[in-house]
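Counting along the sequence shown from 1, when you hit position 84 you're at 84 in the working numbering, and nothing is skipped either side. Quick reminder that beta carbons are idealized off the backbone N, C-alpha and C, glycines included. In this text, all values refer to a predicted model and were calculated from it rather than measured experimentally.
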Amino acid sequence: MKLRQMATAFISRDGHYIMMEKDKSRWFGFPFWTALGGHLEPEEISDPDTAVRREILEESGLLLDEVTDLMLRYVLMRQKDDEIRIQYVYFGRTEKAELVNSDEGKLHWIAEHELTGLHLSAVIREMLLHYFRHRDERLVYSGTIKAGEDEEAVMQWSELKDPQVF
Numbered sequence: 001m002k003l004r005q006m007a008t009a010f011i012s013r014d015g016h017y018i019m020m021e022k023d024k025s026r027w028f029g030f031p032f033w034t035a036l037g038g039h040l041e042p043e044e045i046s047d048p049d050t051a052v053r054r055e056i057l058e059e060s061g062l063l064l065d066e067v068t069d070l071m072l073r074y075v076l077m078r079q080k081d082d083e084i085r086i087q088y089v090y091f092g093r094t095e096k097a098e099l100v101n102s103d104e105g106k107l108h109w110i111a112e113h114e115l116t117g118l119h120l121s122a123v124i125r126e127m128l129l130h131y132f133r134h135r136d137e138r139l140v141y142s143g144t145i146k147a148g149e150d151e152e153a154v155m156q157w158s159e160l161k162d163p164q165v166f
């Protein structure tokens, strides 16, 4: 079993979020949408904060001081074939409207109420629905997606909180 770690950022401005439209990827042969983010580099494996800041700059041109309130809100896990995928998801804000496209895809400002209607991965769609219900909580949640009884995708949520025990 292999391990893949990723860091993702949902950056908002005036009720809109930066989303990237991708034509396709090496895993999917169809267009889809994603937030800013990517894989952790080897030197970032124990530091997803550094990875997400690097990805924000590389994919949008936003400087570190142009992003405020950047906070880890989710650690998502899933198995895909022979990989366990761990995704660290951050939410933050910016006042800057102009973005710089990268080779990764085309950036758009998408209204919050339109996000879950985009062609997103199942784990990201479920995470957004959970976030919209719990956005005012300052907690980190872990979410695991699994196949339910009828093979449909089912998310399981838990607060990531130190139990203060050995």
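CB contact flag (residue i, residue j, <8 Å)
i: Asp69; j: Gly105; result: no
i: Ala51; j: Ala7; result: yes
i: Gln5; j: Ile45; result: yes
i: Tyr90; j: Met77; result: no
i: Glu112; j: Gly15; result: yes
Residue i - partner residues in DSSP beta bridges
i: Leu107; result: Met20
i: Ile86; result: Gln5, Met77
i: His39; result: Met6
i: Lys146; result: Val154
i: Tyr141; result: Tyr74, Glu159
i: Val67; result: Thr94
i: Ser102; result: Gly105
Residue i classed as buried or exposed, judged by whether at least 16 other C-beta atoms fall within 10 angstroms
i: Gln87; result: buried
i: Ser168; result: A question about residue 168 goes unanswered here, because the residues of the chain that appear run from 1 up to 166.
i: Ser60; result: buried
i: Phe166; result: exposed
i: Pro42; result: exposed
i: Pro163; result: exposed
i: Phe10; result: buried
i: Gly148; result: exposed
i: Glu151; result: exposed
i: Leu139; result: exposed
i: Glu137; result: exposed
Secondary structure of residue i, DSSP reduced to three states
i: Val52; result: helix
i: Glu159; result: strand
i: Phe30; result: coil
i: Arg125; result: helix
i: His113; result: helix
i: Phe91; result: strand
i: Ser12; result: strand
Cβ shell of residue i (< 8 Å), same chain only, five flanking positions each side left out
i: Glu66; result: Thr94, Glu95, Lys96
i: Tyr141; result: Arg73, Tyr74, Val75, His130, His134, Trp157, Ser158, Glu159, Leu160
i: His119; result: Phe30, Pro31, Phe32, Trp33
i: Leu57; result: Leu63, Leu64
i: Asp82; result: Met1, Lys2
Contact set for residue i: own chain, Cβ-Cβ below 6 Å, skip 5 residues either direction
i: Val3; result: Looking at the sequence itself, residue 3 is Leu, so the reference to Val does not match. Once the five neighbours on either side are set aside, the close Cβ partners of Leu3 are Ile84.
i: Pro31; result: Asp23
i: Ser12; result: Arg93
i: Ile145; result: Arg78, Val123, Ala153, Met155
Contact set for residue i: own chain, Cβ-Cβ below 7 Å, skip 5 residues either direction
i: Leu107; result: Ile18, Met20, Ser60, Leu99, Asn101
i: Arg53; result: Leu64
i: Thr116; result: Arg125, Leu128, Leu129
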